[in-house]
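Numbering (the UniProt record's numbering), first residue to last: 1 to 599.
What follows is the structure, given as structure tokens:
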């Protein structure tokens with residue numbers, strides 16, 4: 001048997017040059033092809049370019065026999081000792097960055113799962129060591145896109161200077177990295193990204209991630225890979241995401257994709273497509289796997305999460321029969337045939353996993369029917385925090401935004417939520433400087449912030465997006481300096497109200513899920529969140545357990561801890577740990593205390 005080829009090093013690649021490297025690659029392919037047991041090829045989407053069949057390579061006698069296993073490993077796993085010391089076979093090292101919302105984080109976990117199943121199972125912590133660079137993008141605001149362009153310039157520099165970087169030891173990659181732009185920006189800009197100084201190799205939209213392995217392979221044949229087709233069905237329900245943070249006790253679970261609301265300022269329906277929901281059974285399965293892995297809190301995700309509608313497991317109802325809007329709200333989309341709603345999903349999850357917390361984002365205020373609110377009141381493991389995006393406090397601006405409600409209807413919903421769900425926390429989204437916004441309309445927004453008293457808020461200056469209703473029908477007529485001044489005023493107003501909310505927690509006992517050490521004092525303090533989403537810092541000291549009677553020990557990540565709140569800042573509560581406990585025991589004790597007070 002002929003001796004196997006020695007593993008290639010970066011220096012050897014430079015000595016061979018591109019022609020020598022291609023010739024060596026052909027020889028290896030020729031010897032491996034007769035004994036290949038690769039899975040069936042990926043299904044090529046309709047209209048997509050098929051890869052050409054490479055010409056038969058020359059086959060010198062010394063390489064006509066099948067390569068040994070060690071030679072195969074040497075080809076598929078170059079220089080792993082320089083990066084991780086791994087001995088596993090991988091088609092290419094991946095580096096990834098994600099910008100934007102929680103949905104994008106979950107999408108990257110889906111992408112990594114797809115790539116892992118295709119043999120790309122090695123993740124590196126820096127782009128200099130990568131052969132594939134994924135950048136998952138956000139298109140909501142221009143600022144987010146500018147950050148992506150800056151990173152793409154750097155990645156292009158790494159690619160352009162690859163030979164010099166290898167020679168000087170700054171790069172550990174055997175090949176120039178393939179750069180792939182994923183997500184909403186890929187969907188919005190498409191060819192513009194591929195044509196921009198040739199810095200990007202692959203553009204892949206949020207509904208085409210299954211096609212990534214094929215798109216990357218096209219690059220090997222000198223093509224650019226692009227698939228930005230939107231789907232009416234894709235939910236990735238059959239894919240178990242690869243969790244980016246293995247030691248975290250919190251996780252994201254996507255339950256639906258897309259949005260039908262068509263707000264005039266929003267690009268999401270054009271980059272994410274129309275609404276479609278995962279089957280309840282697939283969500284329950286994924287949550288069960290997370291529970292077995294030690295996850296204690298799950299965030300249910302969707303562009304419009306509380307419009308969830310699963311018709312896969314039940315017979316469809318008459319149009320609108322199971323679709324109850326919040327009082328005073330209207331919808332821009334047509335009434336649909338309805339199956340299992342968001343309240344049905346939350347009901348099942350909270351019953352099957354009583355010691356797991358559940359949160360959800362991002363909802364639309366129109367989709368808060370009574371049954372959802374009463375379920376939140378009755379289930380202790382559904383967190384008392386509701387994200388209620390207002391966008392503005394002016395009815396006139398709300399109408400231009402096509403939000404489907406008035407200021408008065410929004411405030412009535414806030415009051416109803418607080419009447420049904422005691423001690424609920426509210427968060428929101430706000431935009432300053434939308435088309436035609438006057439100083440009086442801006443003042444109405446500030447007064448809404450004061451009236452509601454939010455715990456948290458995401459506030460931005462308006463950034464017009466192409467394709468949207470506003471882009472087609474309105475003028476972006478508020479000067480940028482005015483937008484920024486109004487944004488500053490809103491942030492200052494929010495800080496005034498949120499400090500009052502945090503101060504109101506002083507003296508109470510809160511249930512805190514420990515998420516890790518406090519970065520400001522990692523050796524002496526821990527940090528976690530209450531069910532209202534407040535960060536709580538407390539001392540890492542031995543404390544007893546409320547129901548096992550075991551010896552005192554320090555809390556660890558994943559423990560639920562009773563903490564008495566002693567003081568607050570504008571963004572953090574500080575307290576004294578009392579005991580380790582569980583969701584059910586804490587709730588039982590809290591109910592007993594309320595009954596004792598009532599008597």
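The beta carbon of each residue, even a glycine, is placed where N, CA and C say it ideally should be.
Within a 10 Å sphere around the beta-carbon of residue 334 sit fewer than 16 other beta-carbons, which makes this residue exposed. Sixteen is the threshold: when 16 or more other Cβ atoms of the shown chains lie within 10 Å of the Cβ of residue 273, as they do, the residue is buried. Annotated three-state conformation of residue 514 is strand, per DSSP. When beta bridges are read from the DSSP output, residue 95 appears opposite 133. Collapsing the DSSP output to three states places residue 279 in coil. By the Cβ-count criterion, residue 597 is exposed, with fewer than 16 other Cβ atoms from all chains shown falling within 10 Å of its own Cβ. In the three-state DSSP reduction, residue 414 falls in the helix class (H, G or I). Residue pairing by DSSP puts residue 358 in a beta bridge opposite 298 and 382.
Cβ atoms of residue 209 and residue 140 stay farther apart than 8 Å, at about 20 Å. Distance between residue 178 and residue 162, taken at the CA atoms: about 12 Å.
Looking at the backbone, the Cα of residue 567 and that of residue 504 are separated by about 10 Å. The criterion of a C-beta distance shorter than 9 Å is satisfied by residue 300 and residue 361.
Sequence-distant partners of residue 325 (beyond 5 residues in either direction) whose C-beta falls short of 8 Å from its own C-beta, in its chain, are 331, 366, 367 and 369. For the set 187, 407 and 465, the Cα lying nearest the Cα of residue 448 is the one of 407. For residue 250, the enclosing beta strand (DSSP E) stretches over residues 250-254.
With contacts defined as CB atoms closer than 9 Å, residue 355 and residue 384 fail to qualify as a contacting pair. Rounded to the nearest angstrom, the Cβ distance from residue 184 to residue 311 is 26 Å, too far for a contact under 8 Å. Rounded to the nearest whole angstrom, the CA to CA distance from residue 169 to residue 147 is 28 Å.
The C-beta of residue 247 has fewer than 16 other C-beta atoms within 10 Å across all chains shown, which makes the residue exposed. Shown here, residue 176 sits in coil according to DSSP, grouped into three states, outside any helix or strand.
Residue 199 is positioned such that its CB atom lies closer than 9 Å to that of residue 153. Relative to the Cα of residue 493, the nearest Cα in the group 430, 475 and 516 belongs to 430. Within the stretch 146-216, the complete beta strand (DSSP E) segments at least 3 residues long are 178-183 and 202-204, listed from N- to C-terminus.
Take the alpha-carbon of residue 409 and the one of residue 451: they are about 14 Å apart. For residue 374, the closest of 586, 402, 575 and 422 by C-alpha to C-alpha distance is 422. Closest in C-alpha terms to residue 214, from the list 180, 157 and 589, comes 180. Between the stretch 337-348 and the stretch 484-502, the count of C-beta pairs closer than 8 Å stays below three; the two stretches do not touch. If one requires a minimum length of 3 residues, the beta strand (DSSP E) runs lying completely within the stretch 448-532 are 456-461, 509-517 and 525-529, in chain order. Put simply, of 478, 587, 459 and 389 the residue whose alpha carbon is nearest the alpha carbon of residue 511 is 587.
Non-local C-beta neighbours of residue 545 in its own chain, meaning closer than 6 Å and more than five positions away in sequence, comprise 580, ordered along the chain.
Around the beta carbon of residue 236, 16 or more other beta carbons sit within 10 angstroms, so the residue counts as buried. In this structure, DSSP gives residue 535 an extended state, which the three-state scheme calls strand. When secondary structure is reduced to three states using DSSP, residue 269 falls in the helix class. By the Cβ neighbour-count rule, residue 514 is buried, with 16 or more other Cβ atoms within 10 Å of its own. Put simply, of 488, 91, 160 and 96 the residue whose alpha carbon is nearest the alpha carbon of residue 118 is 91. The Cβ-Cβ distance between residue 262 and residue 302 does not fall below 9 Å.
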